[in-house]
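Working notes for the structure below.
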Amino acid sequence: MSLAHRHNALKGTMALMLLVLTAGASLAVGTRPVAWAEIWAGLTGHVDSIGTAAVAVRMPRTALALLAGAALGVAGAVMQGITRNPLADPGILGVNAGAALFVVVGIAWFDISGAAAFMWLGVAGAGCAAAFVYAIGSTGQGGATPLKLTLAGTATSIAASAFVVALVLPRNDIAGSVQAWQVGGVGGASFDTLLPALPFLVAGLLLSLAAARVLNALALGEDLAAGLGQNVAAGRIMSAAGAILLCGAATALCGPIGFVGLVVPHAVRMFAGIDHRVLLPLSAIGGAVLLGSADVLGRVIARPNELDVGIVTAFVGAPFFIWTVRRQRMRGL
Amino acid sequence: MTLIIDTQAAAPAAHARNRGTRRAVMALSMLGLCLVGLIALTLSCGQGCLPPAHVLTALTGADAGGADFVVNDLRLPRVLMSLVVGLCFGLGGAAFQVMLRNPLASPDIIGISAGAGAAAVFAIVVLSLEGWAVSAVAVGAGLGIATLIWGLSSGRGAAGARLILVGIGVSAMLNSVTSYLLLDAPAWDRAEAMRWLTGSVNGAQLVQVWPVVAALVVFGGLLALSARDLDLLRLGDDAARALGVRSDATRFRVTLAAVGLVAFATSAAGPVAFVAFLSGPIAARLTGGGRCILPAAGMTGAVLVLAGDYAGQFLLPARLPVGVVTGAIGAPFLLLLILRANRNGGTL
Numbered sequence: 037m038s039l040a041h042r043h044n045a046l047k048g049t050m051a052l053m054l055l056v057l058t059a060g061a062s063l064a065v066g067t068r069p070v071a072w073a074e075i076w077a078g079l080t081g082h083v084d085s086i087g088t089a090a091v092a093v094r095m096p097r098t099a100l101a102l103l104a105g106a107a108l109g110v111a112g113a114v115m116q117g118i119t120r121n122p123l124a125d126p127g128i129l130g131v132n133a134g135a136a137l138f139v140v141v142g143i144a145w146f147d148i149s150g151a152a153a154f155m156w157l158g159v160a161g162a163g164c165a166a167a168f169v170y171a172i173g174s175t176g177q178g179g180a181t182p183l184k185l186t187l188a189g190t191a192t193s194i195a196a197s198a199f200v201v202a203l204v205l206p207r208n209d210i211a212g213s214v215q216a217w218q219v220g221g222v223g224g225a226s227f228d229t230l231l232p233a234l235p236f237l238v239a240g241l242l243l244s245l246a247a248a249r250v251l252n253a254l255a256l257g258e259d260l261a262a263g264l265g266q267n268v269a270a271g272r273i274m275s276a277a278g279a280i281l282l283c284g285a286a287t288a289l290c291g292p293i294g295f296v297g298l299v300v301p302h303a304v305r306m307f308a309g310i311d312h313r314v315l316l317p318l319s320a321i322g323g324a325v326l327l328g329s330a331d332v333l334g335r336v337i338a339r340p341n342e343l344d345v346g347i348v349t350a351f352v353g354a355p356f357f358i359w360t361v362r363r364q365r366m367r368g369l
Numbered sequence: 094m095t096l097i098i099d100t101q102a103a104a105p106a107a108h109a110r111n112r113g114t115r116r117a118v119m120a121l122s123m124l125g126l127c128l129v130g131l132i133a134l135t136l137s138c139g140q141g142c143l144p145p146a147h148v149l150t151a152l153t154g155a156d157a158g159g160a161d162f163v164v165n166d167l168r169l170p171r172v173l174m175s176l177v178v179g180l181c182f183g184l185g186g187a188a189f190q191v192m193l194r195n196p197l198a199s200p201d202i203i204g205i206s207a208g209a210g211a212a213a214v215f216a217i218v219v220l221s222l223e224g225w226a227v228s229a230v231a232v233g234a235g236l237g238i239a240t241l242i243w244g245l246s247s248g249r250g251a252a253g254a255r256l257i258l259v260g261i262g263v264s265a266m267l268n269s270v271t272s273y274l275l276l277d278a279p280a281w282d283r284a285e286a287m288r289w290l291t292g293s294v295n296g297a298q299l300v301q302v303w304p305v306v307a308a309l310v311v312f313g314g315l316l317a318l319s320a321r322d323l324d325l326l327r328l329g330d331d332a333a334r335a336l337g338v339r340s341d342a343t344r345f346r347v348t349l350a351a352v353g354l355v356a357f358a359t360s361a362a363g364p365v366a367f368v369a370f371l372s373g374p375i376a377a378r379l380t381g382g383g384r385c386i387l388p389a390a391g392m393t394g395a396v397l398v399l400a401g402d403y404a405g406q407f408l409l410p411a412r413l414p415v416g417v418v419t420g421a422i423g424a425p426f427l428l429l430l431i432l433r434a435n436r437n438g439g440t441l
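So the sequence lines, in the order shown, correspond to chains A and B. Everything in the first sequence is counted per the working numbering, starting at 37 for the first residue and increasing by one. Everything in the second sequence is counted per the working numbering, starting at 94 for the first residue and increasing by one.
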């Protein structure tokens, strides 16, 4: 017992060190090279030189990338646990697209602006899309198989993006901002837009963590989980609500970002096992590391331009998705 | 004696075959009528309506008092583009669906349209190519992606499901390439890029139509030559081989033809969402399956693009590109397909 604990503590420390490294890189690396002294000055609130000003801009951006990544990582782990489906991911299952559709409808029809309102819209959209996709993907023989869920998610994403295009195209006044946000960007972050998201993210994280035991039991199958004395239905609803809060808020913050929720839990499982009590917190850290470093990579790779973070994650994540598909025995599809 | 029994036994079969043929002929002529009607509608009615006589005089090249500009320069290229693009998508999509025996294996789901689209955008934006060269690059990339998906999804068991999932992954990656290229390109403004990404026949010119027509003739002809073998392949590889079909060569020919059709259409009008996916199943429902499914699917594709474009231009509150309309129809259809497979107890 103590050995396992020590192992987990070691892995946690390693993950945290990676996180700190990512945060440091995200502050230091960018279009404009900045000296260490300037980074420190910028962190302590000085904006005297261009370098420190650049750091001051990078701070909220870093915070946003790390928070959104953590949210997507946990949401992905929870979704894979609930659906017992290795291909589950908020992007693939169409949940992010649903959140995006609601936000765009809010912008275009109801003239809604402001980060807090976007949060509510995003969460509502994520909830509707998740319920819809799961309902369609789990009917009939074999329950929620990976293929059915993926197809239902793809169809929902395509329908949602068709509606987004239909809403945005006639409106030149909102087209630019919506399109930039759609690809998934963390560039325009500020602490003011970040603050309203925090309650959602914290609530989602707590709900997901509280359901970790049920997710562990669910891995054995629904009947066994019930036999072990777990309230399966309540646990499922609780963790699903947590995942929806997390991806709704993340999408409202920086647009639909795919594949983070897919890659991270798989990677974490490889070196930390399948216990959700360990998997969920480590997925949060892993997601933050992945999205943070994807953002840094996007800044470096296309200098002097920036590559949107959603494009980078698609490039890392899609091969991983294919690899997972290949590794799986496609039984019962 | 035996002869009599044989003819008696054969009579119902022949009768059923006749009925099947008659149904296919009915379906084809109905689709043809729809096409003629839609073409006439689009040519004569737009922002304002022209009398059919004026349209005809304008088309023959005579002076029709101002109508010739509207008809010949604005509406005719658009109609022709919709027609050939729809035919290409319908034929290419149905060829894939028939060959892989799976309605989900259409090029817009398994990533071939996405590959052709990404390559076309790369050719236009980065290499500054035009016309034929763009289409050639798109065809090459489409073939490459098809090979890649085949290779990645080969292996043990249930290749159909794996092919589709691998294709979805590949298209996610390629779509992000396309959006990056388009969003970064200074020459395209964002609305234009978005319009192209969903597929649009806006501002079509006759110059852009001819490569697609040529592709339709060449690759459509190749497909027609392989149609009999493709039909026999549906019996399974062994049976087809016994009937003298070289299965691998047929698959290669059909893939080449279908990729060529889809790639040329995509480089001309963008990846018009879901036309390739929808045409095959609709045509199968109309004709009751059988060998007429390919021409019927082509015509269905053309009907979808023409009707979608007309609806997007004039029947909806805002002017929308055709891809938005077909995407909004196609996604629910995909969901319906999943639900139906469930209810029949079929495994998807």
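All C-beta atoms, glycine included, are put in the ideal place defined by N, C-alpha and C.
For a contact meaning CB atoms closer than 8 Å, what does A/Gly346 contact in chain B? Ser269
Alpha-carbon spacing of B/Ala395 relative to A/Pro206, whole angstroms: 26 Å
Provide the residue(s) that pair with B/Cys142 in DSSP beta bridges, ordered along the chain. B/Cys138
Using beta-carbon positions only, say whether B/Leu428 and A/Ala202 come within less than 8 Å of one another. no
Simplified DSSP state of B/Cys385, which is helix, strand or coil: coil
Using a cut-off of 9 Å between C-beta atoms, extract the partners of A/Thr80 located in chain C. Here the protein chains are A and B, and chain C is not one of them.
Quick check on this structure: which residue in A/Gly240, A/Gly265, A/Pro96, A/Glu74 has the alpha carbon closest to the alpha carbon of A/Met115? A/Gly240
I want to know whether the segment 182 to 190 of chain B touches the segment 383 to 403 of chain B - three or more CB-CB distances under 8 Å. yes
Closest by C-alpha distance to B/Asn165, when choosing among B/Ala297, B/Leu379, B/Ala350, B/Ala358: B/Ala297
Could you check where the alpha helix (DSSP H) with A/Ala246 kicks off and where it finishes? 233 to 246
A/Thr186 touches chain B at which residues, Cβ-Cβ below 7 Å? Leu258, Ile261
Please report the straight-line C-alpha distance between B/Gly250 and B/Leu323, rounded to a whole angstrom. Low confidence applies here, because B/Gly250 scores a pLDDT of 47, under 50, leaving its location unreliable; read the following figure in that light. Each residue's Cα considered, the two are about 23 Å apart.
Do B/Gly235 and B/Ala356 have their CB atoms nearer than 8 Å? yes
Output yes or no for whether 8 Å exceeds the beta carbon distance between A/Leu251 and A/His302. no
Touching by the beta-carbon criterion (3+ pairs, under 8 Å), the segment 311 to 330 of chain B and the segment 128 to 141 of chain B: no
Pick helix, strand or coil for A/Phe375, following the three-state DSSP scheme. Nothing can be reported for residue 375 of chain A: it is not among the residues displayed for chain A, which extend from 37 to 369.
Under 8 Å between C-beta atoms of B/Leu316 and B/Val347: yes
Can you round the beta-carbon distance between B/Val263 and B/Ile238 to whole angstroms, since I take them to be within the 8 Å contact cut? 7 Å
Neighbour list for B/Ile431 in chain A, Cβ cutoff strictly below 8 Å: Ile172, Gly173, Lys184, Leu187, Ala188, Ala191
For A/Phe146, name the three-state secondary structure that DSSP assigns. coil
Would you check if the distance between the CB atom of A/Gly189 and the CB atom of A/Gly130 is smaller than 8 Å? yes
Under 7 Å Cβ to Cβ from B/Ile375, same chain only, skipping five residues before and after it: list those, please. Thr393
CB of A/Ala279 within 8 Å of CB of A/Ala111, strictly: yes
Are at least three pairs of beta-carbons, each pair with one atom in the segment 315 to 322 of chain A and one in the segment 73 to 80 of chain A, less than 8 Å apart? no
Go to A/Ala152, then tell me how far its alpha helix (DSSP H) extends in each direction, as first and last residue. 151 to 174
Residue-level contact to chain B via CB, A/Met366, 8 Å cutoff: A caution first: A/Met366 carries a pLDDT of 48, below 50, which makes its placement in the model too unreliable to give a value.
Interface residues of chain A around B/Val417 at Cβ under 9 Å? Ala198, Phe199, Val201, Ala202, Leu205
Simplified DSSP assignment, three categories, for B/Glu223: coil
With B/Leu180 as the anchor, note down where its alpha helix (DSSP H) starts and where it stops. 169 to 193
CB contact check: A/Leu234 to chain B, cutoff 8 Å: no
Mind checking the segment 118 to 138 of chain A against chain B and listing, in chain order, the residues whose C-beta falls within less than 9 Å of any C-beta there? Leu123, Gly127, Ile128
In whole angstroms, what separates the C-alpha of A/Arg272 from that of A/Val93? 40 Å
Output, in sequence order along the chain, the residues in the segment 323 to 357 of chain A whose CB is closer than 9 Å to any CB in chain B. Ala338, Asn341, Leu343, Asp344, Gly346, Ile347, Val348, Thr349, Ala350, Phe351, Gly353, Ala354, Pro355, Phe356, Phe357
To which residues of the same chain is B/Gly383 closer than 7 Å at the C-beta, ignoring the five residues directly before and after it? Gly113, Ala117
B/Ala369 and B/Pro200: beta carbons closer than 8 Å? yes
So, using beta-carbon positions, are A/Val361 and B/Val310 closer together than 8 Å? no
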